[in-house]
Each structure stands twice: as C-alpha cells, then as structure tokens.
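Protein sequence lines, in the order shown, are assigned to chains A, B, C and D. The opening residue of the first sequence carries number 1 in our numbering; numbering runs sequentially from there. The opening residue of the second sequence carries number 1 in our numbering; numbering runs sequentially from there. The opening residue of the third sequence carries number 1 in our numbering; numbering runs sequentially from there. The opening residue of the fourth sequence carries number 1 in our numbering; numbering runs sequentially from there. These notes concern the structure reproduced below.
There are 4 protein chains.
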Amino acid sequence: MIRFNCDYNEGAHPRILERLVETNFEQTAGYGEDPHCDRAKELILKDCGNPNADVYFLVGGTQTNLTVIASALRPHQGALSAESGHINVHESGAIEASGHKVLSLPSADGKLTAAQVEAAWRAHFEDETQIHMVQPKMVYISHPTEIGTLYTKDELTALSEVCRKRNLYLFMDGARMGYGLTAPGNDLTLEDIARLTDVFYIGGTKVGALFGEALVIVNDQLKVDFPYMIKQRGGLLAKGRLLGIQFETLFEDGLYYELGAHANKAATIIREACEQKGYKMFCASPTNQQFPILPNEMLKAFQDKYSYATWAKVDDDHTAVRFCTSWCTKLEDAEQLAKDILAF
Amino acid sequence: MIRFNCDYNEGAHPRILERLVETNFEQTAGYGEDPHCDRAKELILKDCGNPNADVYFLVGGTQTNLTVIASALRPHQGALSAESGHINVHESGAIEASGHKVLSLPSADGKLTAAQVEAAWRAHFEDETQIHMVQPKMVYISHPTEIGTLYTKDELTALSEVCRKRNLYLFMDGARMGYGLTAPGNDLTLEDIARLTDVFYIGGTKVGALFGEALVIVNDQLKVDFPYMIKQRGGLLAKGRLLGIQFETLFEDGLYYELGAHANKAATIIREACEQKGYKMFCASPTNQQFPILPNEMLKAFQDKYSYATWAKVDDDHTAVRFCTSWCTKLEDAEQLAKDILAF
Amino acid sequence: MIRFNCDYNEGAHPRILERLVETNFEQTAGYGEDPHCDRAKELILKDCGNPNADVYFLVGGTQTNLTVIASALRPHQGALSAESGHINVHESGAIEASGHKVLSLPSADGKLTAAQVEAAWRAHFEDETQIHMVQPKMVYISHPTEIGTLYTKDELTALSEVCRKRNLYLFMDGARMGYGLTAPGNDLTLEDIARLTDVFYIGGTKVGALFGEALVIVNDQLKVDFPYMIKQRGGLLAKGRLLGIQFETLFEDGLYYELGAHANKAATIIREACEQKGYKMFCASPTNQQFPILPNEMLKAFQDKYSYATWAKVDDDHTAVRFCTSWCTKLEDAEQLAKDILAF
Amino acid sequence: MIRFNCDYNEGAHPRILERLVETNFEQTAGYGEDPHCDRAKELILKDCGNPNADVYFLVGGTQTNLTVIASALRPHQGALSAESGHINVHESGAIEASGHKVLSLPSADGKLTAAQVEAAWRAHFEDETQIHMVQPKMVYISHPTEIGTLYTKDELTALSEVCRKRNLYLFMDGARMGYGLTAPGNDLTLEDIARLTDVFYIGGTKVGALFGEALVIVNDQLKVDFPYMIKQRGGLLAKGRLLGIQFETLFEDGLYYELGAHANKAATIIREACEQKGYKMFCASPTNQQFPILPNEMLKAFQDKYSYATWAKVDDDHTAVRFCTSWCTKLEDAEQLAKDILAF
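So this is what it looks like as structure tokens:
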C-alpha cells in the first residue's frame with residue numbers, strides 16, 4: 001500500500017535525525033533558552049525580513065492556535081474564521097475551552113475575503129445591542145487553507161488593510177506553509193506575510209520535522225508575556241533545543257523550501273493525470289493536497305493499492321477524495337498513481 | 001562546567017535515537033494509532049500488572065497534569081495538593097486556566113498524608129456552607145515529590161483507602177517515576193501504584209527520553225472520552241509513534257529502570273560525601289535530587305566548575321542547594337564533585 | 001410614545017409588589033432556603049406533574065443558560081442550537097466563556113427538528129475523526145423561540161425520542177414560557193414539557209415578575225451538586241426569598257397563565273390588523289411577539305408614536321419589524337395600533 | 001428567636017419598596033440605560049468626588065467579584081488575597097472558573113499589608129523561573145474585611161502606593177461598605193477610596209437594598225468594554241432600573257450612611273456588654289459583625305433565643321461566635337442580648 005492519506009506518515013528528513021544524534025550529549029539550558037533555538041530564530045527572522053519579531057517554537061498546531069488565541073483575546077472577544085477553518089472544526093473545541101467563540105463565516109474555497117471581514121465588523125459594531133454579542137477581534141486564516149488553496153498577495157494585502165483599519169489581529173495558521181510558499185503561482189513570501197499579518201506560524205510537523213511549529217509574533221501588543229502562555233497551556237518543551245535543532249536544519253540552507261517544492265511536484269503529477277482524463281477537481285489546489293472527483297469504481301479498484309482520504313460524496317457514482325503528498329513522497333509513487341489513473 | 005542543575009540537559013538515551021533512525025521511513029497511522037504505541041502500551045501494562053488500564057502518551061508533564069485534571073473534575077471541584085506541588089506552584093496557573101482550584105495543604109516533606117486528606121474532606125463535607133466552597137474531588141501527589149522524597153507502600157495504601165472511602169480520585173504525577181522506583185529503600189512497584197491509584201504517569205522526559213509521559217488510567221470513570229481531552233488541550237502528537245518508539249525502547253528490556261538506578265547511584269555518591277563531611281540535608285531524598293546545606297564559601301568556590309540550583313537560604317553562611325543527577329550523568333563527574341566536597 | 005419594543009419595560013405585576021411589601025420584615029434563611037421558595041417549588045412541581053424534579057430560582061436567562069450548560073457538559077461536549085438561538089447570538093459568548101462550543105444548525109423558523117439532531121449525531125459519531133471535533137451532548141431549544149414560534153407536542157416528542165436514543169440532554173429555554181403555554185394553537189403543557197425534556201425553565205422576568213427564572217431539573221444526572229454551580233456562576237441570590245415570593249404569587253392561582261394569555265390577546269389584535277391589510281408576517285408567531293413586514297412609509301409615520309424593534313430589511317420598500325406585547329400591555333394601546341395600521 | 005446570624009435576613013428599607021411601587025408602571029429602557037440608573041450613578045459619583053469614574057450596578061457580590069477579575073486579568077495573571085478573602089474561600093471557585101488563580105497570603109486580621117504585596121511582587125518578578133508561575137497583577141481587599149476589620153487611611157495609602165509602583169490593580173470589595181464607612185474610628189471616605197483604588201464596589205444587598213452592588217471603576221484601563229463582561233457573566237439585569245431605583249433611594253439623602261451607622265450602634269451595644277463581662281473578642285471589629293469568645297454554657301443557654309454563627313472553637317469551654325447586626329436590627333433586640341450577656 002502506498003499512503004497518500006496524510007502528510008505526517010513518516011518521521012523526519014534524515015538531516016534532522018543526524019543533527020539530533022550529533023548534538024545529543026551537548027548540555028544546554030532548557031525551555032528554548034539554548035543556542036540552537038537562538039540560531040533557528042535568527043534564520044527564520046532573516047527570511048521574514050524582520051529582526052524585531054519574536055519567535056517561539058511549539059510542538060503542534062492545535063497547541064499553537066489555542067495558545068495564540070487565548071493570549072491575544074479578552075474574554076468577550078472572538079476570532080473570525082472560515083467555516084471550514086481548523087479551529088472551527090478539527091480542534092475538539094480547543095478555542096472554546098479557552099473561553100472564546102469562533103465566529104464562523106461561509107467560504108466555498110476555505111478563504112476569507114476583506115469584504116467579509118468588513119461586513120462582520122460592521123454587523124457587530126453598528127448594532128446597538130453589540131454588548132450582547134461576541135466582539136470580533138481577530139481574523140484567523142490558513143495558508144494554505146484546509147483545502148489547499150492559497151491567498152494571493154492582493155487578497156492578503158486587502159485583509160491586512162481591513163484588519164488594521166478595524167483594529168483586528170490578523171493571524172495566519174501556516175501548518176502547511178512550506179507547501180504554500182513553494183506552490184506554482186504563489187506570490188507570497190515570508191517577508192510579505194511578516195509585513196501583512198500580526199502573528200503567524202511556519203509548520204514543521206507536516207513539512208519535514210518530527211514535530212514543531214515556529215511561531216512568529218510581529219505585533220508588539222501580542223508579544224507581552226507570551227512565554228507564560230506557552231507554559232500555562234502545556235506547550236513549553238523541557239528540552240526546547242529539540243525544536244531549535246529541527247528548525248535550524250530546515251532553515252540554514254533552504255531545506256524547508258526544497259521539501260515544500262518536492263511535495264508540490266509530486267502533487268502536480270497526480271493532478272495532471274486527473275485533468276488529462278477529464279476528472280474535475282473539488283477545489284483548485286496548487287499545493288500538496290489534491291482533491292479530484294473520481295468514479296467510485298476507480299476508487300474501488302485502488303483501495304488496496306493506495307490510501308487516501310474520502311472528502312465528499314459528489315453524486316451516486318463519484319466521490320471527491322484527497323491525495324496528500326509530502327516532503328517524503330517518492331516521485332515514482334506519484335507517477336505510479338498517475339499511470340493507474342490514466343490507465344483506468 | 002559540569003551541570004547538575006536539572007535532569008533534562010541532554011537529548012535521549014542513544015538506543016532511542018537509534019530506533020528513531022531505524023523506523024524513520026515506516027509509514028504509520030498518526031495520533032498514537034500505530035504499532036509502536038500499541039507495543040509500548042502492552043509493555044507498560046505488563047509492568048503494571050493490569051491489562052485493562054488505558055495508556056496514553058503525552059509530550060510533557062504540565063500538559064498531562066492539566067489534561068487529566070480538566071477531564072476528571074466537574075467545574076465546582078478541585079484537587080488537593082501539597083503546597084509545594086508542581087500544579088500549585090510551577091505550572092503558570094494551568095489548572096486554574098482549565099477552571100479548577102488547587103486546594104493546597106501544608107507539607108514539610110512534599111507529601112500528603114491520609115489524615116490530611118480525611119481532614120480536608122471533613123472540613124468541606126461537614127460544613128453547612130459547603131456549596132459556597134470548592135469541593136475536593138481529587139488528591140494529587142508526586143512520586144518522587146518535588147524534593148525527591150518517596151511514599152512508602154503503607155503511606156500510599158492509607159491514601160488510597162481514604163480516597164476510596166471518600167470517593168476522591170488519587171492521581172500520581174510520576175515525572176521522575178524512574179528515579180523513585182529504583183531508589184534505595186523504595187518499596188513501591190508499578191504494580192502497587194496501578195493498584196492503589198486511579199491514574200498516574202510514568203515520566204520519560206526526565207528519564208532517558210527526548211520527551212514524553214506515559215499516562216496510565218486505571219479507574220474506568222476516568223477513561224471515558226479521554227482522547228478528546230488530549231486533542232482539545234493541544235496534546236495529541238500528529239506523529240504519535242515518536243512517543244511509542246521511545247517508551248517501547250525504555251520498557252522492552254528494563255532500560256527505564258537501569259537509567260533510574262544509574263542516576264540514583266550518582267546521587268548517592270554526592271550525598272555520601274556531604275554526610276561524611278557532616279553537612280545536613282535540607283530534606284531526606286533517596287532519589288536523583290540531593291539538597292545539601294552547604295557553606296556559602298564552598299558554593300562560591302564551586303560556581304565556575306559545577307552548575308546547581310539554589311533552593312533556600314538557611315542562615316547567613318549556609319544555603320540549601322539542589323544537585324540533580326540523571327540517566328546521563330557520568331559517574332566520574334559525581335565522583336569529582338564528591339572529591340571536591342570532601343576536600344573543601 | 002407607546003412602547004412595543006420589548007417585554008421588560010415595566011416593573012412587576014402589582015400583586016407581586018404587594019407581597020414583597022407584606023413579607024418585608026419576615027426574617028428568613030438566605031440562599032433560597034426559605035418557606036416562600038419551598039412553597040413556590042411545590043406549586044411549580046404540581047403544575048409539572050412531577051414531584052421529584054428539582055427546582056431552583058435564578059435571576060436571569062443568560063445566567064440560567066450558562067449555569068445549566070456549564071454544569072451538564074464535560075469540556076469536550078457542546079450544545080446543538082438553532083443558529084438564531086439566544087445562546088448562539090445574544091449572550092456575549094457566555095457559553096464559550098464556560099468552555100463549550102455552541103454547535104449551531106440552520107433553522108428558518110427558530111426551531112430544531114428531530115431529523116436535524118439525528119443527522120448531527122451521526123455526523124459526529126460516524127466520523128472516524130470524531131475525537132478531533134466537539135461532541136454533541138445537549139440539544140438547546142426555546143419555547144417560544146426567539147421569533148415567537150412554538151413546538152407542537154409531536155415535534156417535541158420526536159426531539160425527546162432522538163435525544164433519549166442518542167443520549168443527549170434536551171434543555172428548553174422558557175424565558176417566554178408563559179406566552180407559549182397560553183398561545184392559540186399551543187398543545188404543550190408544563191406536564192408535557194417536564195415529561196419530554198431533561199431540564200427547562202419558566203421565565204418570570206418577561207412574564208410579570210421583577211426578575212427571575214424557575215429552573216426545573218428533571219433528569220437525575222443533572223441534579224448532582226447543582227447548587228454549587230449556581231453559587232460559582234454568581235447566580236445565588238442572598239435574599240433568595242425574593243424569587244420565592246414572586247413565583248409563589250405567579251403560580252398560586254394561575255396568575256402566570258393569565259398574564260401570558262393577556263399578552264397574546266394584545267398581540268392577536270395587532271396581527272389581525274396586519275393580516276386584514278394583507279401584510280405578510282416575517283414568521284408565523286402565535287405568541288406575544290409579532291413580526292409583520294410593513295411598508296417603510298408606514299414605519300416612518302409611526303416612529304414618534306410607537307416604539308418597536310427593526311428586525312430585517314425585506315426589500316427597498318419594506319421592513320420586517322417586531323411588535324412585542326407583554327403582561328402589562330394595555331389592550332387599548334394594541335387597539336390603537338391596529339387602528340392606525342388599518343387606517344394607513 | 002431573634003436573628004443575629006447574618007445581615008440579609010429581611011427585605012429592604014421601606015423607602016426602597018415605596019419607590020419600586022411608585023415607579024412600577026414607568027416604561028423605561030432595559031439593561032441599566034434608564035433615568036434611575038443615571039441619577040443613581042450621579043449621586044454615587046458625587047460622593048466619590050470623581051465625575052469621570054464609570055458606575056455599573058450588579059445584582060450580587062460574587063457576581064461582581066468574578067466579573068471584575070475576569071475582565072481585568074490576562075490568563076496568566078492572578079489576584080493576591082488574604083487567605084480568608086471571600087474570593088479565596090466562599091465563592092465556590094468562581095475566580096478559578098474564570099481561569100485565574102487566587103494567590104493567597106496569610107493574614108491574622110483579614111487585611112493585607114503593603115509590605116506583603118511588595119514581597120509577593122518581588123517573589124515573582126525576581127525569580128528567574130517567573131514564567132512558570134502565576135503573575136500577580138491585582139490586589140483584592142475587603143473593607144470591612146470578612147471579620148469586620150477596617151483599613152486605616154494610612155494602610156490603604158501604603159497599599160495604593162505599592163500597587164501603583166508595581167503596576168498592580170487595587171480592587172476593594174465593599175459588600176459591607178456602609179458599615180465600614182460609618183464605623184467608630186474609621187478614617188476613610190468614599191472619596192479616599194475612589195482616589196486610592198482602581199475599582200471598588202458599594203454593597204447594597206447587606207445594607208438596606210433588596211439586592212445590588214454599585215461598582216465604581218476608576219482606572220481607565222479597566223473601563224474598556226466592561227458592559228460586555230457583565231452580559232457574558234450573566235449579570236446584566238433586564239430591568240436594570242430596579243438597581244437604579246434602589247441606589248437612588250440609598251444615596252439621595254444619606255440613607256445608606258444612616259443604615260450603616262444604625263447597625264454599628266447595635267453592634268456596639270453587644271460588644272460593650274461582652275467587654276464589661278471581660279469576654280475577649282476573637283478579632284477587633286468596629287463594624288456590624290462582632291466576634292466574642294463566649295463560654296459554651298452561655299451559648300447553650302442562648303440557643304433557642306438568639307441565632308448566631310459559630311466561628312471557631314477556642315478551647316474546650318469557649319467558642320468564638322459571630323453576632324451580626326444590620327440596617328434592620330432593632331436596638332431593643334441588641335439591648336436584650338446585652339442584658340442577657342451581662343446577667344449570665
């Protein structure tokens with residue numbers, strides 16, 4: 001069986017493991033106060049073009065989302081999110097458990113628009129009974145989104161403008177950032193993102209690390225006392241250097257981007273085969289997740305050879321599925337799948 | 001500089017790293033649903049002598065404490081803890097952030113007694129105004145405690161009895177369990193602990209793993225829907241197998257206990273030197289943490305050679321300090337320190 | 001100006017004030033442990049036909065909702081609610097502040113159907129990734145709903161059945177219960193409601209009292225330690241008798257139902273005038289809230305004479321508004337409004 | 001039986017009931033946006049000598065405490081309180097339920113000193129591991145305290161200075177404020193309190209009202225969005241005017257102070273009888289609560305005639321009890337008790 005079901009089936013890029021072995025007996029301070037974390041922060045800030053941002057390393061995405069949101073908001077404030085946003089659907093109520101409502105907005109492509117945000121702001125602040133409702137204070141977006149779509153620089157600029165005008169924090173979840181930054185057609189850089197958002201993170205778990213997310217806090221207001229929050233939410237890794245070593249390896253010579261590009265290349269092979277056969281895509285993703293709408297019979301034929309996620313029933317004979325490539329996908333596996341699709 | 005300041009200065013036991021390298025390209029399911037986690041659970045349950053307990057692997061201690069307590073208690077209930085308990089002092093309010101009061105009780109040696117628990121229960125349930133106060137529902141203890149002391153089997157049995165009589169959950173934090181189980185004079189086994197408590201964990205972070213705590217849930221009531229809680233609190237590791245592989249390695253042939261015994265041996269070397277010179281101990285720890293009361297002049301002389309934690313000022317000329325050994329301490333380093341103490 | 005903007009513009013029915021004056025110097029125990037509360041509970045339980053339910057008196061609706069939900073649910077559980085439900089829109093995130101997600105479902109008429117609840121249950125429990133999502137555990141409904149509509153006995157029976165089958169709590173918010181129970185066409189009694197739900201409340205604030213909601217807990221599981229919850233959430237009135245006296249007065253000889261019927265009568269006068277003129281209703285409410293769609297010109301003409309709430313813009317020339325009658329509305333005021341509508 | 005067990009045994013001062021009756025059919029806006037609330041605010045601000053403070057009316061003390069603290073603090077921050085403080089003992093964990101630790105400090109007389117606060121601040125901010133601990137950000141005090149003692153102007157000034165120096169909010173719980181302001185020897189005025197604290201409240205429930213606390217927010221930082229918090233915590237009374245009318249009555253011509261002085265006078269009668277007989281007081285309270293240490297035999301003799309609260313067992317033959325007078329205590333009842341004490 002060849003697994004295309006998700007992007008965290010394997011361990012880490014071998015260079016990361018090598019570095020863990022090499023550094024294993026170094027004695028360092030705990031909790032991220034070590035030279036590896038320091039160097040990883042520097043490397044990341046260099047790519048962000050902002051030496052004044054704060055960088056923290058956390059273990060996972062849900063942990064990062066809940067820690068950022070619980071830290072940023074007062075109790076009566078909520079975060080606007082696409083209905084399909086990870087915080088709205090797949091975090092078991094982590095945000096609500098920290099006391100905050102996720103204010104969901106409809107979205108066909110997993111993205112929010114500046115116009116939606118402006119309308120949501122008005123709907124609240126122009127209503128006389130506003131104190132009876134949750135106050136929108138943050139906009140949560142993902143890049144890529146849950147369905148692999150990307151913001152353009154224009155779209156993100158417009159979102160950023162409305163957020164600054166309306167005094168809303170713009171928070172970008174970048175669990176799959178590496179696949180977004182290197183996707184065909186993407187026009188956003190880390191520098192743009194650091195300029196346009198207030199806080200964002202660069203996902204390691206799904207892009208070559210054993211685990212880990214690098215959180216970048218740009219807005220000074222959001223920096224205050226943040227380390228307390230990491231500890232309080234159970235996210236402060238005793239041997240913080242493990243995170244430093246991984247991000248150091250990913251960012252010292254562009255490995256992070258290489259891995260992203262590799263997965264996108266494998267995904268393109270699969271997408272092109274589908275398109276060649278005339279299969280429609282459930283959504284237009286240029287990144288490592290591909291959502292073709294396939295005949296149920298083909299899926300039946302594939303079921304022992306490939307693993308994938310079932311996404312949505314489209315009609316009686318067709319199902320949208322997700323094929324997920326990763327930093328670790330072998331190109332020959334993608335080619336095999338493409339061949340089988342074409343041959344069906 | 002030789003570091004005795006804490007027990008998480010280095011990476012992991014080399015066999016753990018070897019296993020991570022060996023298994024790196026295996027494709028497995030995520031979130032702890034993989035064969036390594038399965039095998040690690042089996043090994044642990046065998047040592048616990050209880051095939052029916054549930055085992056979950058979490059990344060860190062604070063995360064484990066807050067997840068267990070938030071899951072076990074209703075909103076009006078709190079956890080009794082020694083004043084010096086980790087949840088009461090060093091978790092940045094993690095328990096309160098989940099809505100629960102830590103009901104602290106005085107303790108000179110870091111332990112709670114059955115009599116204290118009974119008295120606390122009575123103070124609540126025999127008071128007419130009980131509904132105006134937080135209801136005690138859990139007893140939180142550590143083994144070893146924050147200051148390295150241990151419960152005897154008699155003490156733990158008495159605690160267990162009062163908890164069962166009074167319908168209180170008994171929760172044991174075992175962040176340093178390996179050092180406790182192998183300490184000279186310890187008469188508790190994992191089997192005893194699994195029999196006498198409702199829930200406990202076996203710490204990996206401080207005993208040879210890169211990170212990780214193995215939570216064992218014995219009481220059926222506490223098992224219900226626990227995986228949701230791990231996810232909600234941000235503790236569900238995507239590549240859960242990383243935890244499985246580590247605990248598999250620690251428990252397949254007794255490595256965990258070897259590492260514990262090693263650290264205790266190193267600690268004994270240090271303690272004996274102190275005792276030989278007539279220095280008193282701040283508390284009587286048979287485990288990897290030693291708290292001698294030393295002359296300030298000696299500490300001054302040592303400050304560039306050894307790192308340690310300052311614990312308490314005892315008088316104008318003496319300070320209690322903590323020397324911490326670990327699975328990774330070289331015996332010759334402990335012997336060097338002993339020699340320097342004796343020679344001072 | 002004649003106020004039809006809401007149903008809490010005045011104080012209380014005069015008999016309530018008389019009773020407060022008469023009893024003012026009685027010395028009683030606090031916190032609801034007084035003879036007036038005892039008697040009010042008895043009277044209510046008699047109407048509910050269930051001597052074994054627990055009754056508690058709270059001051060307001062949001063307080064009651066948040067206290068019930070925070071008490072009933074474990075941290076990973078949420079409450080299903082119509083999108084327009086009070087807890088989803090107009091409680092400033094009170095439910096989320098207690099840690100729980102409101103799982104909103106679409107509803108054109110403010111009601112939930114048994115089929116929706118069953119589908120929501122399946123969507124969760126038949127999904128393999130269920131532990132990543134909030135678990136539905138309660139169904140929150142209002143009777144009357146936010147837009148004045150009512151459940152039929154058949155509908156409530158179906159909801160009750162699915163809740164029992166799926167182990168969900170059924171919670172009915174009865175902030176306007178008096179107007180529902182006495183509405184033309186209503187076929188539900190307090191006895192039915194006590195039989196079909198797990199917990200519900202009978203609103204006083206909007207139906208003749210100065211303030212107060214009578215919470216009836218039918219399900220034994222929900223009774224455990226509930227008084228702690230009231231205290232913890234700030235809802236335990238020191239002079240609890242004030243609530244007892246009010247509900248005693250409302251329930252000792254049917255005053256509660258009289259007041260409900262009176263308001264509905266006034267509302268009918270207004271509705272009939274609208275219908276006679278051919279104005280459509282935004283929703284079909286048989287209770288004290290009426291939502292006619294009126295020409296903007298009429299509204300302009302009325303604006304200094306009547307107060308009302310603007311509900312929704314329907315088209316460029318028409319707006320849905322809410323006229324709210326109450327226990328205190330003078331029939332001649334309703335008739336005046338009807339006359340003006342007819343004359344326009 | 002004559003009740004001295006608490007200060008909320010009866011309804012309200014008759015002038016308050018009269019005003020409720022007179023105003024009953026006025027139609028006003030809800031939620032505290034009515035002319036009575038406006039006037040009551042003005043009257044209170046005049047007494048506070050600060051026209052710029054914000055005033056809100058809440059129903060009860062626990063509700064007020066939890067709303068203020070939840071609004072003021074970020075998640076990692078806690079409130080310093082005397083061990084005996086109401087928020088630490090008698091609010092069923094309301095503060096923790098909002099996510100915050102109560103940082104308790106020992107106190108023999110129910111008060112905190114400036115030196116204690118400074119020491120607590122240093123203990124946190126001078127500790128390298130501060131981010132592992134709850135950050136003190138507020139100082140919670142009561143005036144009078146739980147045991148009837150009072151702060152002097154010097155003591156409050158010193159507390160205020162350390163709070164401003166260390167950037168801590170000073171919050172005064174004034175549930176029994178009326179009894180404090182009018183006590184013999186008290187040298188604090190509302191004007192002083194408004195100058196020296198950041199936020200405080202003036203209790204109505206225990207001082208002549210049916211219910212209600214007037215919260216005064218002096219510090220601009222604490223004013224932001226406070227109404228949302230009242231709503232979210234279930235404290236926004238629909239018919240807010242009921243609170244306005246009560247405080248209007250209490251503050252328009254000094255009734256509040258009269259009622260306070262009356263209770264203190266009654267308490268003095270009781271205290272003087274005890275002192276004349278040589279009975280010691282458990283604590284030196286000049287306010288409406290008196291805590292004499294009395295022979296158990298006397299208490300046995302009194303048990304059918306007087307109600308009181310048992311406070312503490314002092315020795316085998318003596319018990320400290322609490323006699324509580326109030327705005328409603330008849331002087332002849334206090335004199336009768338005094339006579340019986342003297343005659344025993």
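Even glycine gets a Cβ: it sits at the ideal position worked out from N, Cα and C. What you are looking at is a predicted structure, and each value in this text was computed from that prediction instead of being measured.
So, is the C-beta of residue i closer than 7 Å to a C-beta in chain C?
i, result
"Lys-231/D", "yes"
"Lys-137/A", "no"
"Tyr-306/B", "no"
"Val-134/A", "yes"
Among the candidates the options, whose CA atom is the shortest distance from the CA of residue i?
i, options, result
"Gln-232/A", "Arg-39/B, Ile-87/B, Phe-57/B", "Ile-87/B"
"Asp-47/C", "Cys-283/C, Phe-247/C, Val-117/C", "Phe-247/C"
"Phe-125/C", "Leu-168/C, Ala-97/C, Pro-106/C, His-143/C", "Leu-168/C"
"Cys-163/D", "Glu-91/D, Pro-136/D, Leu-45/D, Gln-27/D", "Pro-136/D"
"Leu-337/C", "Val-314/C, His-318/C, Met-298/C, Ala-312/C", "Met-298/C"
"Val-199/A", "Cys-6/A, Lys-339/A, Asp-173/A", "Asp-173/A"
"Thr-268/B", "Thr-329/B, Leu-215/B, Asp-109/B", "Thr-329/B"
"Val-59/B", "Leu-215/B, Thr-310/B, Leu-331/B, Asp-253/B", "Leu-215/B"
Considering only their Cβ atoms, is the gap separating residue j from residue i smaller than 7 Å?
i, j, result
"Ala-209/B", "Ala-29/B", "no"
"Ile-230/C", "Thr-67/C", "yes"
"Pro-292/B", "Met-281/B", "yes"
"Ile-270/A", "Ala-334/A", "yes"
"Ala-79/B", "Val-218/B", "no"
"Ala-82/C", "Leu-112/C", "yes"
"Ser-107/D", "Ala-70/D", "no"
Are there 16 or more other CB atoms within 10 angstroms of the CB of residue i, so buried, or fewer, so exposed?
i, result
"Pro-144/C", "buried"
"Ala-123/C", "exposed"
"Ala-115/C", "exposed"
"Val-224/D", "exposed"
"Glu-146/A", "buried"
"Glu-332/D", "exposed"
Cβ of residue i less than 7 Å from any chain B Cβ?
i, result
"Val-21/A", "yes"
"Ile-131/C", "yes"
"Lys-339/D", "no"
"Lys-206/D", "no"
So with Cβ pairs under 7 Å, would you call residue i a contact of chain D?
i, result
"Arg-15/C", "no"
"His-76/A", "yes"
"Gln-27/C", "yes"
"Ala-183/A", "no"
"Gly-347/B", "Given a span of 1 to 344 for chain B in the structure shown, any question on residue 347/B remains unanswerable."
If we define contact as Cβ-Cβ less than 7 Å, is residue i a contact residue for chain A?
i, result
"Arg-271/B", "no"
"Ala-70/D", "yes"
Hey, does residue i have any beta-carbon neighbour from chain E nearer than 7 Å?
i, result
"Ala-97/B", "This model lacks chain E altogether; the protein chains it does include are A, B, C and D."
Between the segment 141 to 156 of chain A and the segment 184 to 199 of chain A, are three or more C-beta pairs nearer than 8 Å? yes
Three or more C-beta pairs under 8 Å: does that hold for the segment 13 to 29 of chain C against the segment 298 to 315 of chain B? Short answer: they don't touch.
Quick check: the segment 89 to 97 of chain D against the segment 260 to 267 of chain C, are there 3 or more CB pairs under 8 Å? In this structure the segment 89 to 97 of chain D does not touch the segment 260 to 267 of chain C; the number of beta carbon pairs closer than 8 Å is below three.
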